[in-house]
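One structure is given here, and the rest of the page talks about it.
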Amino acid sequence: MAPHGVLDTYVNHGCRCAACTKASREYGRRRARLRAYGQLEELVPLEQVAAHIAWLSTQGVGSRQIAQLANIGRMTVEQVTRPSSYRRGVTPRVAAAILAVRPTLDALADSALTTSAGTQRRLQALMVLGWSLSQIQHATGTSALHRCLTRETVTAKLAREIRDFYDAHWTSSPKADGPHAQTAITRTRLRAEKAGWLPPLAWDDDTIDDPNLPAPVRARRSAKSWQRIYVDDIAELATQGATWAELEHRVGACRNSIEIALTRAGRTELIGRITSNRWVAA
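Per the numbering used here, numbering of the sequence shown is gapless, rising by one per residue and ending at 1311.
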């Protein structure tokens, strides 16, 4: 129920009670005084604002979201787009508020469809770290994430959930609470490695959602090549107390690639050894 005694209820809801009528008259008198003193702001033409609202609609931002983000009444937004509207324009404040609304992911309704590019890249990057789709689904309350890897669009609600999970976990790998968990992590990393998916650091925050931006080129080597090049060296460095940061610098590969190479070479005991070196060094 709209509140009484305010201009919005009189204009947009057609209420003619004493309180709303008084609010309308006071508004009229105030405008008359401002006009007499040459202080009345010129109205912004409806066409300019209506065009922006129409564009937002094509991007998945409806009148409800526009009104909420602009902090104005929804009826005000809808009247701007009505051809039969008696309005000649809107105030500069309302126009500025509407024109400031952008079709960002947070502005979209839950059911609105958006490009899946950012969601796919985040899921792939998380899988490079070892996060399986089932783990991500369990943590986010989503389902059938494997479909997101091939579809062109996803709902805004799903995109936000994956984005938030990614923002919280892009710097960490999942914990292996037993052999089965470690197997799942290794399998996920191998799948990502085979597909050539990129780790989180390959993407910038301002480009990961851009579907028109091609994926950065990533040089890939075969599993045997990885093993021949540095597994023996890694073993030697590990016995000398090298940490993950030192290994990444010396070997020229990220931690995930090193772990995959060690797993393929049957040297998984070195993973725990290198991890423990961090605490010894500290």
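Every residue gets a Cβ at the ideal spot worked out from N, C-alpha and C, and that includes glycine.
Between I1289 and R1218, the beta carbon gap of about 5 Å places them in contact (Cβ cut-off 8 Å). Between the segment 1123 to 1130 and the segment 1189 to 1200, the count of Cβ pairs shorter than 8 Å is below three; the stretches do not touch. Inclusion of S1145 and C1177 in the CB contact set at 8 Å is warranted, their separation being smaller than that value.
Taking the Cα of I1237 as reference, the smallest distance to any Cα among L1134, A1061, H1081, W1084 is reached at L1134.
For G1118, the beta-bridge partners assigned by DSSP are P1074. A distance below 8 Å between beta-carbons, with the five flanking residues on each side excluded, links E1190 to the following residues of its chain, in chain order: T1169, G1170, T1171. With fewer than 16 other beta carbons inside 10 angstroms of its own, T1268 counts as exposed.
Where L1142 is concerned, the enclosing beta strand (DSSP E) starts and stops at 1142 to 1144. Taking one beta carbon from each stretch, the segment 1152 to 1160 and the segment 1201 to 1215 have 3 or more pairs nearer than 8 Å; the two touch.
Rounded to whole angstroms, A1083 and T1143 show a C-alpha spacing of 17 Å. Note on P1240: under 16 other CB atoms within 10 angstroms of its CB, so exposed under the neighbour-count rule. Less than 8 Å separates the beta-carbon of V1090 from that of A1136.
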